[in-house]
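Here is the structure we will look at, set down as structure tokens.
Protein chains: 2
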Amino acid sequence: MSSALASADLIRHAGLRVTDSRRAVVDALGEHPHASADELFRQVSARLPQTSLQSVYNALADFVGAGLARQIEPAGRPRLYELRVSDNHHHLVCSQCGKVEDVDCVVGAAPCLAPSESHGFAVEAAEVTFWGVCPDCAASPL
Amino acid sequence: MSSALASADLIRHAGLRVTDSRRAVVDALGEHPHASADELFRQVSARLPQTSLQSVYNALADFVGAGLARQIEPAGRPRLYELRVSDNHHHLVCSQCGKVEDVDCVVGAAPCLAPSESHGFAVEAAEVTFWGVCPDCAASPL
DNA sequence: CGTTTGTTTTGGATCATTCAAAATAGCGAT
DNA sequence: ATCGCTATTTTGAATGATCCAAAACAAACG
């Protein structure tokens, strides 16, 4: 398997020490993009039972700090993490089940980065969240 | 003063009973758009000391339910409330001090509502948050 | 003015996240 | 291979924002 090596390299190249729990978190994130700390903890626990939730939080914070992961925070939901960091994409969230899909930047280049009035702010980023109902939830009315 | 009357009307027309604390919350929201429950509680307490934080939460939840107020939730910050509900505008948040400004819908009508791929979702809304540094924070480096 | 029903209060619970100190383990140098 | 330095993990507890539920209270209608 090359994925074990790959995750180690990702971590090392980010300037972090390679540990079992960090590898497990990276792997879990690869299999479950848009997962919460808690979901990742459950995934990691399956293979590395001694890992603590706190370690998952630590790893995620380190990854975000090192630019290896990004976090998103849909309103009213726990923070989610993803490995896709190199591009500026947005998210589509199911308002019923919380499922998240990636959405490429909407209108071409960077109109996302141009509010009509900037109130003197030095605008650094624009975050777009689309809310809707996913196919599964549309099919099974509550 | 007409504002006391105005807030009562707003509340009544939303189908809610008019109470001192609700009026106080509406008034505080008028003076402090984009305020958190806690900030509003402090404002309200100044004039109505017996009011509880829970009542402010209750009032805000009722307002949101009745379409009188809207809530926004900038990542990593407590929920904020605003009375401006009739239009679909967005927000510009200072990443340092948290100050929030309104921004009218960016690209004209509703391109905000058109993600490039919708993954089969029935898209209902788009939420845009611009992050930047406000003039005050730019002037006074930490 | 009394009744009904919605609202407020009080006190506590919950969830996600963070803090801090002690124990442990990478990994570069020996 | 081992040492030692320092980063990381663990453990246990704390925090902040929000919500829940039952009892006391009050607005609005007749």
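Residue numbers (numbering that gives the first Met the number 0), protein chains in the order written: chain A, 0 to 141; chain B, 0 to 141. C-beta atoms are modelled at their ideal positions from N, C-alpha and C, and glycine is treated no differently.
Original post:
By Cβ distance below 7 angstroms, which residues in the same chain neighbour C136 (chain A) in space, the five residues on each side in sequence not counted?
Top reply: To locate residue 136 (chain A), count along the first sequence from 1; it is residue 137. Only residues of its own chain outside the window of five on either side were considered, and among them C93, Q95 and C96 have a CB closer than 7 angstroms to the CB of C136 (chain A), listed in chain order.
**OP:** Take S117 (chain A) as the anchor and find which of B:V132, B:S117, B:R69 and B:S35 has the nearest alpha-carbon.
**Re:** Locating residue 117 (chain A) in the first sequence gives position 118, counting from the first residue. Of the listed residues, the one whose Cα sits closest to S117 (chain A) is B:V132.
Original post:
Which runs of the alpha helix (DSSP H), 4 residues or longer, sit entirely within the stretch 12-74 of chain B?
Top reply: 19-30, 36-46 and 52-64
Subject >> Residues of its chain near L82 (chain B), where Cβ-Cβ distance is below 6 angstroms and the 5 sequence neighbours each way are ignored >> reply: Numbered from its first residue, the second sequence carries residue 82 (chain B) at position 83. L28 and A68, listed in sequence order.
Subject >> Three-state secondary structure assigned by DSSP to L82 (chain A) >> reply: The residue you call residue 82 (chain A) lines up with position 83 of the first sequence. L82 (chain A): coil per DSSP, three-state reduction.
Original post:
Within 9 angstroms (strictly less), CB to CB, does D103 (chain A) reach chain B?
Top reply: As a first step, residue 103 (chain A) must be located in the first sequence, where it is residue number 104. With 9 angstroms as the cut-off, D103 (chain A) counts as an interface residue toward chain B.
**OP:** With DSSP as the reference, label C136 (chain A) as helix, strand or coil.
**Re:** What you label residue 136 (chain A) is simply residue 137 of the first sequence in a count that begins at 1. Helix at C136 (chain A).
Original post:
Rounded to whole angstroms, how far is the Cβ of Y80 (chain B) from the Cβ of L59 (chain B), which I believe are closer than 8 angstroms?
Top reply: Within the second sequence, the letter at position 81 stands for residue 80 (chain B). Within the second sequence, the letter at position 60 stands for residue 59 (chain B). Y80 (chain B) to L59 (chain B), Cβ: 6 angstroms. Contact.
Original post:
Taking C-alpha atoms, which residue in A:A124, A:D26 and A:T128 lies nearest to E72 (chain B)?
Top reply: Along the second sequence, one-based indexing puts residue 72 (chain B) at 73. The shortest C-alpha separation from E72 (chain B) is found at A:T128.
Subject >> Member of B:E100, B:A125 and B:Q42 whose CA lies at the smallest distance from the CA of P134 (chain B) >> reply: What you label residue 134 (chain B) is simply residue 135 of the second sequence in a count that begins at 1. Of the candidates B:E100, B:A125 and B:Q42, the one whose C-alpha sits nearest the C-alpha of P134 (chain B) is B:E100.
**OP:** Output the boundary residues of the beta strand (DSSP E) element that contains E100 (chain B).
**Re:** For the purposes of this step, residue 100 (chain B) is taken as the residue at position 101 of the second sequence. Looking at the DSSP string, the run of the beta strand (DSSP E) that includes E100 (chain B) is V99 to V102.
**OP:** Please decide whether Q70 (chain B) counts as near chain A, where near means a Cβ-Cβ distance under 9 angstroms.
**Re:** On the second sequence, residue 70 (chain B) is found 71 positions in, with the first residue counted as 1. Taking Cβ atoms only, chain A reaches closer than 9 angstroms to Q70 (chain B), which makes this a yes.
**OP:** Please name the residue, chosen from A:P114, A:W130, A:Y56 and A:S35, that lies closest to C104 (chain B) on a Cα-to-Cα basis.
**Re:** Residue 104 (chain B) sits at position 105 when you count from the first residue of the second sequence. Of the candidates A:P114, A:W130, A:Y56 and A:S35, the one whose C-alpha sits nearest the C-alpha of C104 (chain B) is A:P114.
Original post:
Looking at the C-beta of F129 (chain A), does it have a partner C-beta in chain B at a distance below 9 angstroms?
Top reply: Locating residue 129 (chain A) in the first sequence gives position 130, counting from the first residue. Yes, F129 (chain A) lies at the interface with chain B (some Cβ there is under 9 angstroms from its Cβ).
**OP:** Give a yes or no on whether 9 angstroms exceeds the smallest Cβ distance from A109 (chain A) to chain B.
**Re:** Stepping through the first sequence from its first residue, residue 109 (chain A) is reached at position 110. Low confidence applies to A109 (chain A): its pLDDT is 48, below 50, so where it sits in the model is not reliable enough to give any reading.
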